[in-house]
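Residue numbers (our numbering): 4 to 303.
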C-alpha cells in the first residue's frame with residue numbers, strides 16, 4: 004500500500020495519560036503500509052526536542068509524537084524551522100493540539116491519517132525566553148492552574164483533574180499590575196491572569212476560546228482577565244458560544260509582546276508542569292515555523 008513516508012521516528016512519552024498497547028498498534032499499522040520505523044522514549048523534560056532533532060539529522064521523512072500537549076510541545080522544540088513534518092499521535096489526558104488541528108483522538112485513526120495521503124500545514128509557534136510554545140502561555144490563575152494539575156492528579160482523575168484544578172486555582176485570584184508592550188505600543192492594566200494564545204482549542208473540555216485565534220495567522224492573541232471566580236464561570240459559558248460582550252476580558256493582537264508585572268509572575272506553557280519564564284519577559288511569534296500533518300480534507 005502506498006504511503007507518503009518510507010521512514011519515520013516515533014517519540015513516546017510513557018507517562019502519558021492513555022493506557023494503551025501503543026507498540027503493538029504501531030507495529031500493526033506500519034507493517035500494513037510498509038513503513039520503516041523506529042521508536043524513542045522520553046524520560047525527562049527536554050528529551051523530546053533532543054530526540055526529534057537527532058531524528059531530523061538522521062534524515063527521517065517525519066517525526067511522530069505520542070503523548071499529551073506537553074509532549075507535543077517538547078518534540079516540536081526540536082523541529083522548529085526544519086521543514087520536516089511532525090505527526091501528532093494524541094495520547095495524553097488532554098489533547099488540545101490534536102483538537103486544534105482537527106485530528107482524530109483515536110491512535111489507530113491518527114496513524115492512518117499519517118500513513119495515507121494527507122496535507123501538511125505550516126503553523127505558527129511562540130517563543131518566550133528560550134522556550135517554545137504551540138498553544139498558549141499564561142500567568143496568574145493560569146500559572147496556578149498548571150501548578151495544581153500535576154501528573155499524579157491527572158493519573159487519578161483523568162480529564163476531571165482539569166476542572167478540579169481550575170476551581171482550585173481561581174479560589175483566591177492574585178491580581179497583578181501588567182505593563183504590556185505589543186508591537187511597540189504600551190498598555191497598562193490589572194488582572195488576575197494574562198494569557199497569550201496561538202491556538203484556539205482547550206482540549207480536555209472540548210472548548211474553543213475565540214474565533215479570532217488562528218494558529219497560522221502570524222499573530223498572537225493577548226488577553227488579560229480582570230475578574231473573580233464567579234465571572235470566570237460566566238466566561239466558560241461565553242467561550243462555548245454565548246455572548247462575550249459582558250465578559251471582563253481585555254484583548255489585543257500582536258507579533259511581539261513584552262510583559263512586565265507587579266508583583267512578578269511565573270509564565271507557564273502548553274501542558275507544562277514547570278514554568279517556562281518569569282516576568283519581565285518577551286513573547287515572540289515564529290511565523291509558519293512548524294510543519295504538521297493534517298487530514299486530507301483539512302483547510303490549509
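All C-beta atoms in this analysis are idealised placements derived from N, C-alpha and C, irrespective of residue type, glycine included. Only a predicted model underlies this, so the values are computations on that prediction, with no experimental measurement involved.
Asked: Below 9 angstroms between beta carbons: does that hold for residue 13 and residue 43?; Found: yes
Asked: If I'm right that residue 270 touches residue 140 with Cβ under 8 angstroms, what's the distance once you round it to whole angstroms?; Found: 5 angstroms
Asked: Which value, in whole angstroms, describes the spacing of the CA atoms of residue 284 and residue 294?; Found: 27 angstroms
Asked: Do you know offhand how far residue 266's Cα is from residue 138's?; Found: 25 angstroms
Asked: Compute the Euclidean distance between the alpha carbons of residue 25 and residue 135, then round it to the nearest angstrom.; Found: 27 angstroms
Asked: Enumerate in chain order the residues of its own chain whose CB-to-CB distance from residue 85 is below 7 angstroms, with the five nearest sequence positions on each side excluded.; Found: 59
Asked: Run the CB neighbour count on residue 259, radius 10 Å, all protein chains shown included, and call it buried at 16 or more, exposed below.; Found: exposed
Asked: Can at least three beta-carbon pairs, one atom from the region 105–123 and one from the region 207–227, be found at a separation below 8 angstroms?; Found: no
Asked: For residue 199, which residues does DSSP report across the bridge?; Found: 140 and 225
Asked: When DSSP labels each residue in this structure, what does residue 305 get in the three-state scheme?; Found: Here the chain covers residues 4 to 303 and nothing more, so residue 305 does not appear.
Asked: Name the one or two DSSP bridge partners that residue 39 has.; Found: 10
Asked: Going by Cα to Cα distance, which pick from 204, 257, 104 and 142 is closest to residue 179?; Found: 142
Asked: Can you tell me where the beta strand (DSSP E) holding residue 183 begins and where it ends?; Found: 179–185
Asked: As a quick exercise: from 78, 197 and 299, pick the residue whose alpha carbon is nearest that of residue 282.; Found: 197
Asked: Which residues share a DSSP beta bridge with residue 68?; Found: 14 and 91
Asked: Answer with buried or exposed for residue 302, where buried requires no fewer than 16 other C-beta atoms within 10 angstroms of its C-beta.; Found: exposed
Asked: Measure from the alpha carbon of residue 291 to the alpha carbon of each residue in 275, 262, 201 and 255, then state which is nearest.; Found: 201
Asked: Taking the Cβ atom as the reference point for each residue, do residue 81 and residue 99 lie within a distance shorter than 9 angstroms?; Found: no
Asked: Buried or exposed, going by whether 16 or more other CB atoms sit within 10 Å of the CB of residue 111?; Found: exposed
Asked: For residue 129, which residues does DSSP report across the bridge?; Found: 136 and 288
Asked: For the beta strand (DSSP E) containing residue 272, list its first residue and its last residue.; Found: 269–272
Asked: Rounding to the nearest angstrom, what Cα-Cα distance links residue 10 and residue 299 in this structure?; Found: 20 angstroms
Asked: Can you check whether the CB of residue 188 is closer than 9 angstroms to the CB of residue 182?; Found: no
Asked: Where residue 67 and residue 221 are concerned, what is the direct C-alpha to C-alpha distance, given to the nearest angstrom?; Found: 24 angstroms
Asked: Do residue 194 and residue 227 have their beta-carbon atoms positioned less than 9 angstroms apart in this structure?; Found: yes
Asked: What is the DSSP secondary structure of residue 247, reduced to helix, strand or coil?; Found: Legend: pLDDT at residue 247 = 49, less than 50; position of this residue unreliable, no value from coordinates given.
Asked: Between which two residues does the alpha helix (DSSP H) containing residue 111 stretch?; Found: 110–118
Asked: According to DSSP, simplified to helix, strand and coil, what is residue 124?; Found: strand
Asked: Thinking just about the alpha-carbon of each residue, which of 256, 185, 48 and 83 is nearest to the one in residue 19?; Found: 48
Asked: State the Cα-Cα distance for the pair residue 17 and residue 71, rounded to the nearest angstrom.; Found: 11 angstroms
Asked: Start and end of the alpha helix (DSSP H) containing residue 103?; Found: 99–103
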